[in-house]
Amino acid sequence: MRWIIFAFLNVLRNGRRSLFTILVSAVAVAAILTTSGFALFTYESLAEKAARDEGNFIITHAKFFEEEEDTPLEYGLSDTQVLRSQLAEDEEIKSILPRINFNGLISNGEKSSIFIGLGVEPEEFMVKGPFLSMLSGQALSDFGDENQAQIVLGKDLARSLKVKVGDYVTLMSTTTDGALNALDFVVRGIYTTGVPDLDKRQLYVKLSDAQSLLYTNKVSSLSVYLFDLNATQRKVAQYQSRDQSLLFVPWWEKAFYYQSVKALYNRIFGLLGGIMVLLVFFSISNTMAMTVTERTREIGTVAAMGSYQWEIIRNFILESSIIGFLGAAIGIVISIIVSWGLVYLGLEMPPPPGSNQGYPLTITFSWEIALSVMSVMVVVCVLAAFRAAYKGSSKSITEALSHV
Amino acid sequence: MLSFNNIKKSYTTGDVTVAALKGVSANIRKGETVALCGPSGSGKSTLLNICGLLDDQYEGDIWLNNSPIPKNKNDLTQIRREKLGFIFQRYNLIPVMSVLENIEYPLLMLDMNKRQRMDQVIEIAHKVGLKDHISKRPDQLSGGQQQRVAIARALVKRPEIVIADEPTANLDTSTANMVIDLMRDLGNDMGSTFIVATHDHRMTDRCHRVLDLADGMLQEVQPQLDTRKAS
Chain A
11 MRWIIFAFLN VLRNGRRSLF TILVSAVAVA AILTTSGFAL FTYESLAEKA ARDEGNFIIT
71 HAKFFEEEED TPLEYGLSDT QVLRSQLAED EEIKSILPRI NFNGLISNGE KSSIFIGLGV
131 EPEEFMVKGP FLSMLSGQAL SDFGDENQAQ IVLGKDLARS LKVKVGDYVT LMSTTTDGAL
191 NALDFVVRGI YTTGVPDLDK RQLYVKLSDA QSLLYTNKVS SLSVYLFDLN ATQRKVAQYQ
251 SRDQSLLFVP WWEKAFYYQS VKALYNRIFG LLGGIMVLLV FFSISNTMAM TVTERTREIG
311 TVAAMGSYQW EIIRNFILES SIIGFLGAAI GIVISIIVSW GLVYLGLEMP PPPGSNQGYP
371 LTITFSWEIA LSVMSVMVVV CVLAAFRAAY KGSSKSITEA LSHV
Chain B
67 MLSFNNIKKS YTTGDVTVAA LKGVSANIRK GETVALCGPS GSGKSTLLNI CGLLDDQYEG
127 DIWLNNSPIP KNKNDLTQIR REKLGFIFQR YNLIPVMSVL ENIEYPLLML DMNKRQRMDQ
187 VIEIAHKVGL KDHISKRPDQ LSGGQQQRVA IARALVKRPE IVIADEPTAN LDTSTANMVI
247 DLMRDLGNDM GSTFIVATHD HRMTDRCHRV LDLADGMLQE VQPQLDTRKA S
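So the sequence lines, in the order shown, correspond to chains A and B. So the first sequence is numbered by the working numbering: it starts at 11 and just counts up by one. So the second sequence is numbered by the working numbering: it starts at 67 and just counts up by one.
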């Protein structure tokens, strides 16, 4: 404790220089925490979106992702009721949503366009929450005329076909037997996903209507939603070990956008963090080199009195650790203030590539990251101090004592 | 106590080699106060550094209490820590430490509990007349007071040998006399051997022996010993 107090007093000895170094460290820590907090928020948002869109894990036929289907739903799941009831007994599972992926032509009677269709149960819109931004009309529903098939369209697809809520469209697709089938739908709603390419082609219909169109009782996949997202890996392993004939895929394996954004951000922010750490290293190195040079005679004095070299180095390391610790602590406070400030100001980021919707500029403050960055800062300071102190304390005592 | 035999030391600058000590020998007895005198460049600081085990780059042998001095740096550090005290011309106090902490510093490096340390610090602070200043920092003291702190720091661990480099050079006459008296009295009390590099005749007058260095050679001269003051 005594040596820490002496080190603290030595930090105060050249207050202005120490303050400058502490501020450099603080700004670097704040920058690292702010950027990593932004990245963390982005990862969390994308992870949440990916897990919400596809399910925490999906269950498919073993060849569903491996091989191309010759006919629709060739590798679909049949008789899913048994599997669904088995899964429903698991208390960790919130819901199981079947889904059909299909495609074909959509027509308003005058004009046709290619579509990418999703057959879902209306329950999906409640389970997943507001994942689609409805521009007009409503999402699919179990209520209303049971005999009339419903459809919700991406906004650009609706615009292309010049249809609005209440209009009729016809979907044409190939059945599982390879025949051509068509079904009329009433437009129940128009939505946007925020991704122009999807808005141009995508549509949702009820699962039963999709099965009628494709003339099948199969589904493409089952999306399983858990109460705890973190349990995904464990549950996937549990079910996969039970049933090898099916494929249990966790959400992240199919979240290509999430993975590419994460890889990109990790590189960008990792590089930025590395530069910040280097900056702090040079700043602390400079400060400690000046400190050691100024106190060369003092080093000679304590060495003459019988201090070992490691004891002298320890004292300088303690000083730089205090600087690093204070800098990191101030940086953490700045980062917390910035993250609160951004929530208060409600700033928005511009739309990312491939999207036409911005998103809130939010920073997720993580104590785990903050403490890791603080540890890195202290280690960097220790290394910088060691370098300077080792050099200073390696001088001969007589040379050190004669230093002016 | 401390013997050195045929000590040689030279400095090389570029192509020029200068012999600072050309085979110096002496035997210093326990409790003696020995002055090293000589003009600037005569090698007295060089010899003082070697006697204080601060410089291990020399030829010749040094014996302490009939044992040869090792050349290993850690062993030399340990000997300095346990057996040697230093008084510097410019005091060399640690500015962020109080008087008490400066005096206590050499004891922190020894295996001693806090109570023992405090007893010795207070005792020596009392002896050097700084008991009322122990909480002050060095910059709050006069030059004479700072040198008294340095003397207390050198003597607090009751070292066998005290190495003093021009201890009165930065002091006015009255303060210098006081410091000389203090060193002599404390030296007598503790039985420490003093080796003092000095130009100050007031200092040499009160030493048991005066070793005069000239051109790297040592010559013993008889001090104008004031026995009343020296003993």
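We treat Cβ as the ideally placed atom computed from N, Cα and C, and that holds for glycine.
Original post:
In the segment 62-101 of chain A, which residue ranges form an unbroken alpha helix (DSSP H) of at least 4 residues, counting only runs that do not cross its ends?
Top reply: 90-98
**OP:** Could you check the C-alpha separation between residue 316(A) and residue 244(A) for me, to the nearest Å?
**Re:** Here the alpha carbon of residue 316(A) sits roughly 60 Å from the alpha carbon of residue 244(A).
**OP:** Kindly list, in the order they appear in chain B, the residues whose Cβ is closer than 7 Å to that of residue 408(A).
**Re:** Taking a Cβ-Cβ cut-off of 7 Å, the neighbours of residue 408(A) in chain B comprise 115, 120, 121, given in sequence order.
**OP:** Could you check the C-alpha separation between residue 136(B) and residue 69(B) for me, to the nearest Å?
**Re:** When rounded, the distance between both Cα atoms is 14 Å.
Original post:
Comparing alpha-carbon positions, which option in 192(A), 323(A), 157(A), 213(A) lies nearest residue 166(A)?
Top reply: For the residues 192(A), 323(A), 157(A), 213(A), the minimum Cα distance to residue 166(A) belongs to 213(A).
Subject >> Nearest-angstrom Cα separation, counted from residue 377(A) out to residue 249(A) >> reply: 34 Å
Subject >> Proximal chain E residues relative to residue 384(A), where beta-carbon distance stays under 9 Å >> reply: Judged by its chain identifiers, the structure shown contains no chain E, and its protein chains are A and B.
Subject >> Residue from 162(B), 285(B), 83(B), 271(B) whose Cα sits closest to the Cα of residue 99(B) >> reply: 271(B)
**OP:** Please list, in chain order, all residues of the same chain as residue 293(A) whose beta carbon is under 6 Å from its beta carbon, the five residues on each side excluded.
**Re:** 31, 34, listed in sequence order.
Original post:
Going along chain B in order, which residues have a C-beta closer than 7 Å to the C-beta of residue 317(A)?
Top reply: 175
Original post:
Fully enclosed by the segment 157-196 of chain A, which alpha helix (DSSP H) runs are 4 residues long or longer?
Top reply: For the alpha helix (DSSP H) assignment, the uninterrupted runs of no fewer than 4 residues enclosed by the segment 157-196 of chain A are, from N- to C-terminal side, 165-171.
Subject >> Contacting residues, own chain, Cβ-Cβ under 7 Å from residue 203(B) (five flanking each side not counted) >> reply: 161, 164
Original post:
Checking contacts by CB at 8 Å: is residue 143(B) closer than that to chain A?
Top reply: yes
**OP:** For residue 181(A), count neighbouring Cβ atoms within 10 angstroms of its own Cβ and tell me buried if that reaches 16, exposed if not.
**Re:** buried
Original post:
First and last residue of the alpha helix (DSSP H) that includes residue 401(A)?
Top reply: 377-403
Original post:
Measuring CA to CA, which of 266(A), 360(A), 298(A) is closest to residue 393(A)?
Top reply: 298(A)
Original post:
Helix, strand or coil: how does DSSP classify residue 144(A) here?
Top reply: strand
**OP:** Determine the chain A residues that contact residue 147(B) at a beta-carbon separation under 9 Å, and present them in chain order.
**Re:** Going along chain A in sequence order, the residues near residue 147(B) (Cβ under 9 Å) are 315, 316, 317, 318.
**OP:** Throw me the rounded Cβ distance for the residue 187(B) and residue 222(B) pair, which I believe falls under 8 Å.
**Re:** 6 Å
Original post:
Skipping 5 residues on each side, what residues in its chain have a beta carbon closer than 6 Å to that of residue 357(A)?
Top reply: These residues qualify, in order along the chain: 371.
**OP:** May I have the straight-line CA-CA distance separating residue 226(B) from residue 11(A), to the nearest angstrom?
**Re:** Those two C-alpha atoms are separated by around 30 Å.
Original post:
Looking at the C-beta of residue 163(B), does it have a partner C-beta in chain A at a distance below 8 Å?
Top reply: yes
Original post:
In terms of DSSP beta bridges, what is residue 109(A) paired with?
Top reply: Secondary-structure assignment with DSSP links residue 109(A) through a beta bridge to 130(A), 231(A).
Subject >> Inter-residue Cα distance where the pair is residue 382(A) and residue 335(A) >> reply: 12 Å
Original post:
So is residue 174(A) buried or exposed if we call it buried at 16+ other beta carbons inside 10 Å?
Top reply: exposed
**OP:** Reducing DSSP to helix, strand and coil, say where residue 93(B) ends up.
**Re:** strand
Subject >> Simplified DSSP state of residue 83(B), which is helix, strand or coil >> reply: Three-state DSSP puts residue 83(B) in a strand.
Subject >> Rounded C-alpha distance that separates residue 293(B) from residue 92(B) >> reply: Per-residue confidence for residue 293(B) stands at a pLDDT of 46, beneath the threshold of 50, marking its modelled position as unreliable; the derived number appears in the next sentence. Straight-line Cα distance between these residues: approximately 22 Å.
Original post:
Do you know offhand how far residue 110(B)'s Cα is from residue 281(B)'s?
Top reply: Cα to Cα, residue 110(B) sits roughly 10 Å from residue 281(B).
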